[in-house]
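So the sequences go chain by chain: C and D. In this note's numbering, each residue carries its 1-based index in the first sequence increased by 8. In this note's numbering, each residue carries its 1-based index in the second sequence increased by 8. For reference, the structure discussed in these notes is given below.
There are 2 protein chains.
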Amino acid sequence: MNGLSAEFQHAVNPQDTTLKFRKGEIIFSQGDPGDCWFEVVSGTVRTCHFHVDGHRQLTGFFYKGDVFGVEYGARDAAAEAVTNTTLTRRPALNDGPNSSWQNRALERALDSANQCIFLLGRRNANERVAAFLLIAAKRLSALDSIPLPMTRSDIADHLGLTIHTVSRTISGFVRQGFIELEGPQLCRIVDLEGLRAIAGEEIGVAIDNMGAMRSRRGYAGQGAGV
Amino acid sequence: MNGLSAEFQHAVNPQDTTLKFRKGEIIFSQGDPGDCWFEVVSGTVRTCHFHVDGHRQLTGFFYKGDVFGVEYGARDAAAEAVTNTTLTRRPALNDGPNSSWQNRALERALDSANQCIFLLGRRNANERVAAFLLIAAKRLSALDSIPLPMTRSDIADHLGLTIHTVSRTISGFVRQGFIELEGPQLCRIVDLEGLRAIAGEEIGVAIDNMGAMRSRRGYAGQGAGV
DNA sequence: CGCACTCTTGAGGGAGCTCAACATTTGTGG
DNA sequence: CCACAAATGTTGAGCTCCCTCAAGAGTGCG
């Protein structure tokens, strides 16, 4: 909101550049050549698949420290800024000894896709929303207070629901005493165990093992998005 | 059927081995070390994610010529034989100049996952089943007559539906004259355009571009599964 | 203040799940 | 080879969950 828009700010090293995007701006589009990848410095990013029938599928949200845009040869998903966002852009590592790094990034992207599949496969609205909240809490390492910078529409297109169902489900959780809202964009978890019970054992376990997973899988501050 | 079960048949070269699995046998399980990958010589394979709540999500079917098991560090999905199956097993390429090959395999796996997400995101039963049939036809290069070696339960767990809905939907397609069945495992497409219209423009286009995609993406006989 | 956008909430209907029964196929043991 | 059991597939009836349609409330911005 300060006139900065996809401008180069400064070059940290000859090939890495810092970029700023304003809320809603497109970072790259489906079909663009995938000649670089990004790390989120601040803000939130979403990746989107647009389908011919008009339906939009969000495949991931990316927060501070996450990397995205590694997994695509030619971009088969678009990336957009959910909020005002600062990114570091790095050239793609197509060859050389570092391609194993890219390999791991691809594996993380696949993990992310599998998580998305998990959210979409035969689960009802309560399970999807509860799992989404817990995953967001995990990703942001904020078990008490979860910022939700994306719109209800974004959440709906991520979970395969309508905004109405998302809104109603969240309201239901508030009524049942699982969470509290401070405005639509900030969610406080009141009954963590209750939410876990709704989302299913798996998500609860995943959260318990958060620390272990980071070390075991080499996450160390870089995630694959949600 | 003939007493062969996961036996080594012969070694084509020092590290590649041929394996046979009987219908329903487990090829590898979630959590196994991913130290090799497989190519389907004959038969059909499914990859499955098992969730704590008992729900099973099939992420792909693999037919003659497909490779699978490349995409997992430690296996995060199980692989099982849908029918009696012959496989070639190769050691994983964890390093060396060939890791770019593995890279492409990972990208294909990601494509496959995205296709799965596409099938699961906000589509009704007709769209899912029609898309599934068209994708199977494409994968098997058999636009007229589609073998369906997997059970209705497998299809249901792939599409996020119940076996009842899958069965009813297929019966509906027969009644409407889109397909014919010769037993539950063999499906003949009668009205291709009609099926495409149900599945959505996207799938139809994908099928039209089948040849182009193979060459453009270097598919040449190796697929990522469906 | 008025417009645009997002979020929330209600009422009604329809798609798909659950429960249930039956048909068909496959496998097994006598 | 047949009888029986088990697995798989099909179909119907009822009900539930979520989508659609609709209206209203809250918020930011010009």
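Cβ coordinates follow ideal geometry from the N, Cα and C atoms, glycine included.
The beta strand (DSSP E) enclosing C/H57, as first and last residue numbers: What you label residue 57 of chain C is simply residue 49 of the first sequence in a count that begins at 1. Here the beta strand (DSSP E) through C/H57 covers V53 to F58.
Where the stretch 59 to 86 of chain C meets chain D: residues whose CB sits under 7 Å from a CB there: Of all residues in the stretch 59 to 86 of chain C, H59, V60, D61, H63, Q65, T67, E79, G81 and D84 have a Cβ within less than 7 Å of some Cβ in chain D.
Buried or exposed by the 16-neighbour rule on C-beta atoms within 10 Å, applied to C/I154: Counting from one through the first sequence, the residue named residue 154 of chain C turns up at place 146. By the 10 Å Cβ count, C/I154 comes out buried.
Anticipated Cβ contact below 8 Å, C/A139 with C/G208, distance rounded: By 1-based counting over the first sequence, the position of residue 139 of chain C is 131. By 1-based counting over the first sequence, the position of residue 208 of chain C is 200. Rounded, the Cβ-Cβ distance is 7 Å, consistent with contact.
Selected residue, minimal CA-CA separation from D/I35, among D/R83, D/V137, D/Q65 and D/R147: For the purposes of this step, residue 35 of chain D is taken as residue 27 along the second sequence, with counting starting at 1. Nearest to D/I35 by alpha-carbon distance, out of D/R83, D/V137, D/Q65 and D/R147, is D/R83.
Continuous beta strand (DSSP E) stretch holding D/A85: start and end: Numbered from 1 along the second sequence, position 77 holds the residue referred to as residue 85 of chain D. Looking at the DSSP string, D/A85 is not in any beta strand (DSSP E), and its letter there is neither H nor E.
Any C-beta of chain C under 9 Å from that of D/H57: As a working mapping, residue 57 of chain D is identified with position 49 in the second sequence. Any Cβ of chain C closer than 9 Å to the Cβ of D/H57 would place that residue at the interface, and such an atom is present.
Helix, strand or coil at C/F186 according to DSSP, with G and I counted as helix: Your numbering for residue 186 of chain C matches position 178 in the first sequence. In the three-state reduction of the DSSP assignment, C/F186 falls in the coil class.
Chain C residues whose Cβ lies nearer than 9 Å to that of D/L118: As a position in the second sequence, residue 118 of chain D is number 110, starting the count at 1. Below the 9 Å Cβ cutoff, chain C contributes E79, Y80, D84, L114, A117, L118 and A121 as neighbours of D/L118, in chain order.
Residues of its chain near C/D165, where Cβ-Cβ distance is below 7 Å and the 5 sequence neighbours each way are ignored: Taking the first sequence and counting its residues from 1, one reaches residue 165 of chain C at position 157. Hits under 7 Å: R64, Q65 and L66.
Helix, strand or coil at C/E33 according to DSSP, with G and I counted as helix: Position 25 of the first sequence, counted from the start, is the residue given in the question as residue 33 of chain C. C/E33: coil per DSSP, three-state reduction.
Rounded C-alpha distance that separates C/D147 from C/C124: Counted from its first residue, the first sequence places residue 147 of chain C at position 139. Counted from its first residue, the first sequence places residue 124 of chain C at position 116. It is Arg, not Asp, that sits at residue 147 of chain C in the sequence shown. One Cα belongs to C/R147, the other to C/C124, and the distance between them is close to 14 Å.
Cα-Cα separation, D/L77 to D/A89: Numbered from its first residue, the second sequence carries residue 77 of chain D at position 69. Numbered from its first residue, the second sequence carries residue 89 of chain D at position 81. Per the sequence shown, residue 77 of chain D should be read as Gly rather than Leu. Approximately 13 Å, taken between the alpha carbons.
Helix, strand or coil at D/G68 according to DSSP, with G and I counted as helix: Walking along the second sequence from the start, residue 68 of chain D turns up at place 60. Shown here, D/G68 sits in a strand according to DSSP, grouped into three states.
Which listed residue (C/D74, C/A85 and C/V137) has its alpha carbon closest to that of C/T96: Taking the first sequence and counting its residues from 1, one reaches residue 96 of chain C at position 88. Of C/D74, C/A85 and C/V137, the residue nearest in Cα terms is C/D74.
Spatial distance of D/T91 from D/M158 (CA atoms): Locating residue 91 of chain D in the second sequence gives position 83, counting from the first residue. Locating residue 158 of chain D in the second sequence gives position 150, counting from the first residue. Going by the C-alpha atoms only, they are around 8 Å apart.
C/V236 in three-state terms, based on DSSP: Only positions 9 to 234 of chain C appear in this structure, which leaves residue 236 of chain C out of reach.
Counted within 10 angstroms of its Cβ, other Cβ atoms place D/R131 as buried (16 or more) or exposed: In the second sequence, residue 131 of chain D corresponds to position 123, counting from 1. Per the 10 Å Cβ criterion, buried.
Test item: CB-CB of D/S120 and D/G42 under 9 Å: On the second sequence, position 112 is the one that residue 120 of chain D refers to. On the second sequence, position 34 is the one that residue 42 of chain D refers to. No, the pair does not count as a contact, with Cβ atoms beyond the cut-off.
is_contact[C/F126, chain D] using C-beta, thresh 9 Å: Position 118 of the first sequence, counted from the start, is the residue given in the question as residue 126 of chain C. At least one chain D Cβ lies under 9 Å of C/F126.
Simplified DSSP state of C/V1, which is helix, strand or coil: Here chain C covers residues 9 to 234 and nothing more, so residue 1 of chain C does not appear.
Buried versus exposed, by CB contacts within 10 Å (16 or more), D/Q110: What you label residue 110 of chain D is simply residue 102 of the second sequence in a count that begins at 1. Around the beta carbon of D/Q110, 16 or more other beta carbons lie within 10 angstroms, which makes this residue buried.
Own chain, CB closer than 6 Å to C/R160, minus 5 neighbours either side, in chain order: Taking the first sequence and counting its residues from 1, one reaches residue 160 of chain C at position 152. Answer for C/R160: I171, V174 and S175, listed in chain order.
Where C/T177 falls: helix, strand or coil (DSSP): For the purposes of this step, residue 177 of chain C is taken as residue 169 along the first sequence, with counting starting at 1. Correct three-state label for C/T177: helix.
Alpha carbon of C/D40 to alpha carbon of C/F186, nearest angstrom: Position 32 of the first sequence, counted from the start, is the residue given in the question as residue 40 of chain C. Position 178 of the first sequence, counted from the start, is the residue given in the question as residue 186 of chain C. C/D40 and C/F186: Cα-Cα distance of roughly 42 Å.
D/S50 versus D/Q193 - alpha carbon distance: As a working mapping, residue 50 of chain D is identified with position 42 in the second sequence. As a working mapping, residue 193 of chain D is identified with position 185 in the second sequence. So the two alpha carbons sit approximately 17 Å from each other.
Spatial neighbours of D/L169 in its chain, beta-carbon cut-off 7 Å, leaving aside the 5 residues before and after: Within the second sequence, the letter at position 161 stands for residue 169 of chain D. Hits under 7 Å: A133 and R136.
Near-chain C residues of the stretch 152 to 169 of chain D - C-beta to any C-beta below 7 Å: Answer in chain order: G168.
Own chain partners of C/T52 with C-beta closer than 8 Å, once the 5 adjacent residues on each side are dropped: Here residue 52 of chain C corresponds to residue number 44 of the first sequence, with the count starting at 1. Excluding sequence neighbours, C/T52 sits near F69, F70, Y71, A89, V90, T91, T93, P157 and M158.
D/R98 - DSSP class collapsed to helix/strand/coil: One-based indexing of the second sequence puts residue 98 of chain D at position 90. Strand at D/R98.
Minimum Cβ-Cβ distance from C/N111 to chain D less than 9 Å: Here residue 111 of chain C is taken as the residue at index 103 of the first sequence, counted from 1. True, the Cβ-Cβ gap to chain D drops below 9 Å.
C/T55 versus C/F126, C/D162, C/P99 and C/E115, residue with shortest Cα-Cα distance: If you number the first sequence from 1, residue 55 of chain C lands on position 47. Proximity to C/T55 across C/F126, C/D162, C/P99 and C/E115 peaks at C/D162, based on C-alpha coordinates.
C/G202 at chain D interface by Cβ criterion, 9 Å: Numbered from its first residue, the first sequence carries residue 202 of chain C at position 194. By this cut-off, C/G202 is not an interface position.
Distance between C/S37 and C/T25 (C-alpha atoms, nearest Å): By 1-based counting over the first sequence, the position of residue 25 of chain C is 17. By 1-based counting over the first sequence, the position of residue 37 of chain C is 29. Near 19 Å, if we compare the C-alpha coordinates of C/S37 and C/T25.
Below-9 Å beta-carbon distance, D/Q23 vs any chain C residue: As a first step, residue 23 of chain D must be located in the second sequence, where it is residue number 15. Answer no: the Cβ-Cβ gap between D/Q23 and chain C never drops below 9 Å.
is_contact[C/G208, chain D] using C-beta, thresh 9 Å: Numbered from 1 along the first sequence, position 200 holds the residue referred to as residue 208 of chain C. A Cβ of chain D is located within less than 9 Å of the beta carbon of C/G208.
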